[in-house]
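The next block holds one structure in the form of structure tokens; read it before the comments.
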Amino acid sequence: MTSTAAGTEISVSAPRLLPRGTQIVAGVLLLILIWQVAVPIAGLVLSSLKTVRPIDPGFLFSPLTFANFARLIETGSLAAVTWTTLKFAFLSSLLALAFGTFLAWVSTRTDLRLGWFIGTFVLLQLAVPELLVPTSWTFLYSPELGWFNRLWASTTGADTPLFDIYSFTGMVIVEAFVLLPLIYLFAVPALSALDGTLEDAAMIAGAGRFRATMQVAMPLAVPALMATWVIAFMRAWEAFEVPWVLGLRSRTMTYATRIYWDTVTPPSNTGLISAYAVPMMLFAVLLVLLYYHFVGKSDRYGVISGKPMAPRITRLEGFGRLAVGTGTLLLVGIGIALPILMLAWLSFLPFYRPPSLAALNALSTASYVRVFNAEGLLRSVTSSVVVGAGAALLLIAAAIGIAWLSRFRNVTGGRAIQILSFAPIAIPNIIVGLAFLWLYMGLKVPVGGTYLALILAYFTLFLAITSRNIEARFVQVNKELYEASSVAGAGDMRTLLSIVLPMLGPAVLAAALYIMIWAFKELPASLLLSASKTRTVAVFMFDMSRNGSMSQLAAVGMTTVGVLAILILAFQVVARRAGMRGF
Amino acid sequence: MKTFTGRWIVAASLLLASGLQASAQELPADLVDKAKAEDSTLSYYFILGAEANRPLYDSFKAAYPAAEFEVTGGDPLGLIEKVINEATSGQPVADILQGGPMEDGILNVQRQLGMDYRPANEAKVPDNLKFQGSYVVPDYFTFHIAYNSDLVSAEEAPKTLAELADPKWKGKFGIDVEQIDWFAGQLALLGEEEGIALMKKLAANEPVVFAGAQGYEQLAAGGLPVIVNTFSAVLVSYIDAGAPIAIAKSPVVIAQPDIYIGLKQSDNPETVKLFFEFLFTEEAQKILSQGVYKNPVLPGVPQPPHLEDALADDVERFFVTSENWGNFDERIKLFQSLFVQG
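Sequence lines, in order, name chains A and B.
Going left to right, the first sequence walks through residues 1084 to 1666 as the numbering used here numbers them.
Going left to right, the second sequence walks through residues 49 to 390 as the numbering used here numbers them.
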């Protein structure tokens, strides 16, 4: 017997006999993961110990050396850069976790009826190309041009700006808003899954609704939140756009911008990039272990039971209602809506002018005309849809398999599957792109530049987030359901298909949306692996942005948002029909 | 002409005005015949993507209808990586790569991947604009000191980098940290010692560092009075859009040849040569100048708008090339240590 966070006793069965075919599934999954994950990782580790590039002759037999690590340390400021990156990643991911969980709680667990509003803006934020998020913030909070700062100066006569977006605090806040959709997208299913009876029990025991939610319901969402936070942390660790746009001026350098400067000269210094990635990977392994420590006794989190009890809604009244409502509106308004509006404003001007009635005369659709007249927009949308759908199908199938296997402790290779499915979070996208580019070229496999090459790369890139979040939802399925199904005579496969899979719906839907949106946004690997006929929207937009003004860049961003808004709307319709709150 | 659409209208008008038949007649007939034996679909690698050269492609296709372009964009690192991998693995895809001195240094000087071909009309190019590598240079870019004309008068505007080392400009000028060619060019122009000394003075005067379009927006909106290393093609497009930006006329400007490398392993070598011939026709030169704001090399073709004074005959163009660039890694490290790490 073990106890839940809420104190309820749940029986834990002994390790089970493996259902027929499980070991075969495990074997197939392991082979796939070895090719998709272990090979790039082995290449990465080997590259870090070589000064010859993998594609060059003699790579395999060249001597092993620590020269790349020596060069990495030699530059002197590595410790400072690591410390800055650690602070940046920790604070921004923590802030994102707080913001994202708060918004998910408001939309799923309160009677404020702001779910659609929050969900729409959060998903739109996810659709904005990441380079444009910090860029739009600069037009709101730059010391010289920022609209807020100018407003502040004109109303108060102050000499100093209200807020300097180029500060470290500015970087942390903006990155938190970049990460917020990731947290929200996976916190909503987790918070929606909580069984209301546990909170009822807490209230009968004398706790108030708020206390019951915070002390009983929220801790049960820990696996999902923890998994998402780990991924958010790693994403912040390798984030390039925010440190590049905001940190450059104050000379604040993180790992990503440091790698950029150290490897900007082509051909890519794979040894050095790999040497940078190795500590990241080790750190990710630590986080993975930490995650498993948290969710090790997964039965504690089995909250999706056979009796579907809707999560209890907190009725907010008086000051609490005002505070939560205002906080939500400020968070969404200032952090998401205003930057998107600023982006829209920029896209209609040939060059930036602060919003004013006079500036309205300068509005023009010229930048949009250019984007829509460009050759290949429609083809790039098709590419993104094909690649996104293909990758989503493969990833979700693999993630369900991985989660299913995690129930059995006696599967040969089970632990390796778990670790390999989380490890890609530490591999920079450019390494994934390069690794597959070299593999296909080296083995003369004619898939370079095809959809298949992109789908397989995306599989590696998004495996960690998909598998972790589907597994987190899996963990929430109470053992009672398996036992009830078994008592009723159903086999394991039937239990999986008829009982468990429908329960995974929200997490599967969220993962599919996340992958589809990223199929429009992922750039480093797509640049390397696509050809002119398979370039995705991100590559198309990148091409457009290289040759244009900020207005054109903003138009490109808003076009992406517009295209993805259709996808988001479809997702919201499906989510509503499925009874999901929060979207 | 006030908008990007305007640029396209100019390009289209040029295309029509020049007469498609004239273009076709200018192309060597023997080369046309040889090109017809190929599939004539050019795989074109260019960091600015398909749209940057669209009027040029359209004009070439009008002159030689069998031609098609499949353009692959990307950053220099990615495109060079692809070309090297294609060459190493014996699976060529790219026919042409358009870039600058770095691409020439890595693909030609280090790996000899470019074909040697000299278009007939190149003979008309003045010697100071003629280059003899495994590539062709039908146009070039220039770097300029530019200022916000609402904030700085023409008299006050700095004409040289040395003036910006003056304390009165402290914190009031910007440097685009993506323009490493400009930095390498300055060191080549001034000499290592003098160049580094000047750059140190500039760095000590607390420039605002930025990357790409952000700095141009600040310049246009008055957030930044001066930028020291604006890129001519981007600068002209802002001025053309009505931004209050003016170009300081310096006695010497850093120039960067626009390098078109035809790859030896190309499956369409004759079509590549045909395209190179086309680039040196008067029509193509006008499109380069007026349609996409690059500086033409053929005499008699006008400069892009707004650059007439800054690139007058008395202004020296100092070209940064793979020969005088210096060691790529060392230059980038130095640039970074001076301006990025602070």
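Don't be surprised by glycine CBs; every beta carbon is placed ideally from N, CA and C.
By Cβ distance below 7 angstroms, which residues in the same chain neighbour residue i in space, the five residues on each side in sequence not counted?
i, result
"Val119 of chain B", "Tyr92, Phe94, Gly97, Ala98"
"Gly1183 of chain A", "Leu1263, Ile1266, Tyr1267, Ala1270"
"Ile1396 of chain A", "Arg1192, Thr1193, Asp1194"
"Ala1634 of chain A", "A small fix is needed here, since residue 1634 of chain A is Ser in this sequence, not Ala. Correct list, in chain order: Leu1429, Ser1430, Leu1432, Pro1433, Phe1434, Ser1450."
"Ile228 of chain B", "Arg379, Ile380, Phe383"
"Val1494 of chain A", "Leu1101, Thr1105, Gln1106, Ala1109, Leu1488"
"Ile287 of chain B", "Ile293, His354"
Could one say the Cβ of residue i lies closer than 9 angstroms to chain B's Cβ atoms, at least one of them?
i, result
"Ala1231 of chain A", "In the sequence under discussion, the amino acid at residue 1231 of chain A is Phe, which differs from the Ala named in the question. Cβ-Cβ to chain B under 9 angstroms: no for Phe1231 of chain A."
"Thr1221 of chain A", "yes"
"Glu1145 of chain A", "It should be pointed out that residue 1145 of chain A corresponds to Ser in this sequence rather than to Glu. Not an interface residue."
"Lys1527 of chain A", "yes"
"Phe1152 of chain A", "no"
"Pro1511 of chain A", "no"
"Trp1344 of chain A", "yes"
"Ser1190 of chain A", "no"
"Ile1156 of chain A", "no"
"Arg1332 of chain A", "yes"
"Asp1283 of chain A", "no"
Just how far apart, CA to CA, sit residue i and residue j?
i, j, result
"Ala1307 of chain A", "Phe1557 of chain A", "10 angstroms"
"Leu336 of chain B", "Phe1204 of chain A", "43 angstroms"
"Gly1662 of chain A", "Ala1594 of chain A", "17 angstroms"
"Ala1658 of chain A", "Thr1311 of chain A", "20 angstroms"
"Tyr112 of chain B", "Asp81 of chain B", "11 angstroms"
"Asn372 of chain B", "Phe387 of chain B", "21 angstroms"
"Ile1651 of chain A", "Leu1579 of chain A", "28 angstroms"
"Gln1559 of chain A", "Ala1315 of chain A", "21 angstroms"
"Leu1476 of chain A", "Ala1482 of chain A", "10 angstroms"
"Arg1551 of chain A", "Pro1302 of chain A", "18 angstroms"
"Gly1458 of chain A", "Thr1465 of chain A", "The sequence given here places Glu at residue 1458 of chain A; Gly does not occur at that position. Answer to the nearest angstrom: the Cα atoms are 13 angstroms apart."
"Val1211 of chain A", "Val1452 of chain A", "20 angstroms"
Can you find a CB in chain A that lies within less than 9 angstroms of the CB of residue i?
i, result
"Pro140 of chain B", "no"
"Leu64 of chain B", "For Leu64 of chain B, the predicted structure reports a pLDDT of 48, less than 50, and the residue's modelled location is therefore unreliable. The matter cannot be settled from this model."
"Met150 of chain B", "yes"
"Gln458 of chain B", "Coverage of chain B is limited to positions 49 through 390, which leaves residue 458 of chain B absent and any answer about it impossible."
"Ala291 of chain B", "yes"
"Asp393 of chain B", "Residue 393 of chain B lies beyond the stretch modelled for chain B, which goes from 49 to 390, so this question has no answer here."
"Asn133 of chain B", "yes"
Since residue i is in the alpha helix (DSSP H), which residue starts that stretch and which ends it?
i, result
"Gln1635 of chain A", "1633–1660"
"Gly1198 of chain A", "1198–1210"
"Asn1456 of chain A", "1449–1456"
"Tyr105 of chain B", "102–111"
"Ile1485 of chain A", "1460–1488"
"Leu1129 of chain A", "1122–1131"
Which same chain residues, not among the five before or five after residue i, have their C-beta less than 6 angstroms away from its C-beta?
i, result
"Leu39 of chain B", "A question about residue 39 of chain B goes unanswered here, because the residues of chain B that appear run from 49 up to 390."
"Tyr1338 of chain A", "Thr1168"
"Thr278 of chain B", "His192, Ala194"
"Met1364 of chain A", "Ala1509"
"Thr1340 of chain A", "Pro1326, Trp1327"
"Leu1611 of chain A", "Gly1516, Leu1520"
"Leu1596 of chain A", "Phe1654"
"Leu235 of chain B", "Gly243"
With respect to the beta strand (DSSP E) encompassing residue i, which residues constitute its N-terminal and C-terminal limits?
i, result
"Asp81 of chain B", "Element bounds for Asp81 of chain B: not the beta strand (DSSP E) but the alpha helix (DSSP H), 77–84."
"Phe366 of chain B", "364–367"
"Thr190 of chain B", "184–196"
"Thr120 of chain B", "116–120"
"Gln146 of chain B", "144–147"
"Thr89 of chain B", "89–94"
Please go through the same chain and pick out, in chain order, the residues whose beta-carbon is closer than 8 angstroms to the beta-carbon of residue i, but skip the five residues on each side of it.
i, result
"Gly1253 of chain A", "Trp1220, Tyr1224, Phe1246, Asp1247, Leu1329"
"Ala70 of chain B", "For Ala70 of chain B, the pLDDT reaches just 46, beneath the cut-off of 50, and the residue's location in the model is therefore unreliable, although a value from the coordinates is still provided. For Ala70 of chain B, where only same-chain residues beyond five positions count, the Cβ hits under 8 angstroms are Glu331."
"Ser1131 of chain A", "Asn1151, Phe1152, Gly1354, Ser1357, Ala1358, Ala1360, Val1361"
"Arg1294 of chain A", "Ala1285"
Alpha helix (DSSP H) runs contained entirely in the region 1213–1252 of chain A, provided each spans 4 or more residues | Entirely contained in the region 1213–1252 of chain A, the alpha helix (DSSP H) runs reaching 4 residues are, in chain order, 1215–1224, 1230–1239.
Continuous alpha helix (DSSP H) assignments of at least 4 residues falling wholly in the region 210–291 of chain B | DSSP runs (the alpha helix (DSSP H)) wholly in the region 210–291 of chain B: 228–238, 240–252, 261–269, 280–288.
Go through the region 286–361 of chain B residue by residue and report every complete run of the alpha helix (DSSP H) that reaches 4 residues or more, in order.
-> With a minimum length of 4 residues, the continuous alpha helix (DSSP H) runs that stay inside the region 286–361 of chain B are 317–327, 330–334.
Whole alpha helix (DSSP H) runs in the region 1324–1376 of chain A with 4 or more residues, listed along the chain?
-> Entirely contained in the region 1324–1376 of chain A, the alpha helix (DSSP H) runs reaching 4 residues are, in chain order, 1324–1330, 1338–1345.
3 or more residues per run - each beta strand (DSSP E) lying fully within the region 1543–1592 of chain A | Along the region 1543–1592 of chain A, the beta strand (DSSP E) does not occur as any fully enclosed run of 3 or more residues.
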